[in-house]
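Participant: Using the numbering used here, the letters of the sequence shown correspond one by one to residues 11 to 128.
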Amino acid sequence: MVRLEELKVEQLKQELGKRSLRTTGTKAELKQRLVEQLEKDGLDPLILEFEYNIEGKEQADNLLGAEKAATAGEKHSEEKGADSANETHEQLDARINAQEENADAFKKEMKTLKKRNG
Numbered sequence: 011m012v013r014l015e016e017l018k019v020e021q022l023k024q025e026l027g028k029r030s031l032r033t034t035g036t037k038a039e040l041k042q043r044l045v046e047q048l049e050k051d052g053l054d055p056l057i058l059e060f061e062y063n064i065e066g067k068e069q070a071d072n073l074l075g076a077e078k079a080a081t082a083g084e085k086h087s088e089e090k091g092a093d094s095a096n097e098t099h100e101q102l103d104a105r106i107n108a109q110e111e112n113a114d115a116f117k118k119e120m121k122t123l124k125k126r127n128g
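1) Hey, out of THR34, GLY35, GLU15 and THR36, whose CA is closest to VAL45's CA?
2) Where does ARG13 sit, in a helix, a strand or coil, going by DSSP?
3) Taking a contact to mean a Cβ-Cβ separation below 9 Å, would you say LYS41 touches LEU17 in this structure?
4) Taking a contact to mean a Cβ-Cβ separation below 9 Å, would you say LEU26 touches THR33 in this structure?
5) Pick out whichever of ALA104, ARG105, GLU61 and THR98 has its Cα sitting closest to the Cα of VAL12.
The structure is reproduced here in structure tokens:
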């Protein structure tokens, strides 16, 4: 899984393209464009993670993107058969639960920091 700041230019372009946004510009411009869109969509770019395979191709958004993850799992199940589908859905559920726990921990940490800094 990859956080926004770790995305490569090609991955940023893929994410922008999925959202029908312009895919030209410097890496900083691409990243800023994606951040702005994620925020408009009600997503937190600081905790959102993207999953890419070894070749760098997008597999599914995680954390607040469960629908896309489920779609990827369904596509995988069509290719691999029913037994594999059950395992894939269980794995996706486990990853989603782990991401939700990470998000909760992050929110708790942010509250603590805000209290310290007044």
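Backbone N, C-alpha and C fix where the C-beta goes; we use that ideal spot for every residue, glycine too. Quick caveat: nothing in here was measured; it's all calculated off a predicted structure.
Facilitator: Judging by the given coordinates:
1) In this structure, GLU15 is the residue among THR34, GLY35, GLU15 and THR36 with its C-alpha nearest to the C-alpha of VAL45.
2) Secondary structure at ARG13: strand, using DSSP grouped into helix, strand and coil.
3) Yes.
4) In contact: LEU26 and THR33 (Cβ atoms closer than 9 Å).
5) Proximity to VAL12 across ALA104, ARG105, GLU61 and THR98 peaks at GLU61, based on C-alpha coordinates.
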